[in-house]
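So for the sequence shown, the working numbering puts the first residue at 508; every next one is plus one.
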Amino acid sequence: MKFIKQKKLKNNVFCEIFGKHAVYAAIKNTNRTHQKLYFTKNHRASLDRQITKIIPEIKELQNIEMNKMFGTEKNHQGIVLKTSKIEQPSLQNIISNSKNKQSDVIIILDQVTDPINIGSIMRSCALFNCDTIIAVSYTHLRAHETDSYLVCRLL
508 MKFIKQKKLK
518 NNVFCEIFGK
528 HAVYAAIKNT
538 NRTHQKLYFT
548 KNHRASLDRQ
558 ITKIIPEIKE
568 LQNIEMNKMF
578 GTEKNHQGIV
588 LKTSKIEQPS
598 LQNIISNSKN
608 KQSDVIIILD
618 QVTDPINIGS
628 IMRSCALFNC
638 DTIIAVSYTH
648 LRAHETDSYL
658 VCRLL
């Protein structure tokens, strides 16, 4: 049985984060304001009791309910967090911060969309002390137009 998720209006303040590792990392991030946590019974034991202090609404769902809410086209792994978006630095800020360092590595991704490849690149960047990845959202843009799009800062 395939569930089709209805398109939601674009929200500029909150986003949904899917998957175990991504959600747990986002929960630990103090720069975010969490709104809701949805999970299946598989995650009940791994959730800390302290989590109720930082997430106001926590809801356990059956697998079928989770698929109805979030669709089956995204691999939610039984856990979804609705949380605030993190403000992304501008390209000018990245360049000026880079000038202050003795050596800095900046990776720019173009037409890389596979999450597995992006994850591998991020892990490689962490290994080589690269703290900036810029992902161009739309490949038809010219280089000077990309600063308003997704800029990921690794911590």
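For every residue, glycine included, the Cβ atom is placed at its ideal position computed from N, Cα and C.
Under the DSSP assignment, His541 falls in the beta strand (DSSP E) whose first and last residues are 541-546. Within the stretch 554-616, the runs of alpha helix (DSSP H) at least 4 residues long that lie entirely inside it are, in chain order, 558-561, 570-577, 598-606. Counting other Cβ atoms within 10 Å of its Cβ, His583 reaches 16 or more and is therefore classed as buried. Ala552 and Ile524 have their alpha carbons spaced roughly 20 Å apart.
In the three-state scheme derived from DSSP, where H, G and I count as helix and E and B as strand, Ala642 is classed as strand. In the three-state DSSP reduction, Cys637 falls in the coil class, being neither helix nor strand.
Take the alpha-carbon of Val612 and the one of Asn636: they are about 8 Å apart. Bridge pairing for Ile625: absent [DSSP]. Taking a 10 Å sphere around the C-beta of Val520, we find fewer than 16 other C-beta atoms and assign the residue as exposed.
When only Cα atoms are considered, Thr639 and Ile614 end up about 6 Å apart. Between Lys608 and Leu634, the alpha-carbon positions lie close to 18 Å from each other.
Judged by beta-carbon spacing, Lys543 lies beyond the 7 Å limit of Ile586, meaning their Cβ atoms are not closer than that value. Contact between Ser591 and Thr540 holds, with the beta-carbon distance rounding to 4 Å and staying under 8 Å.
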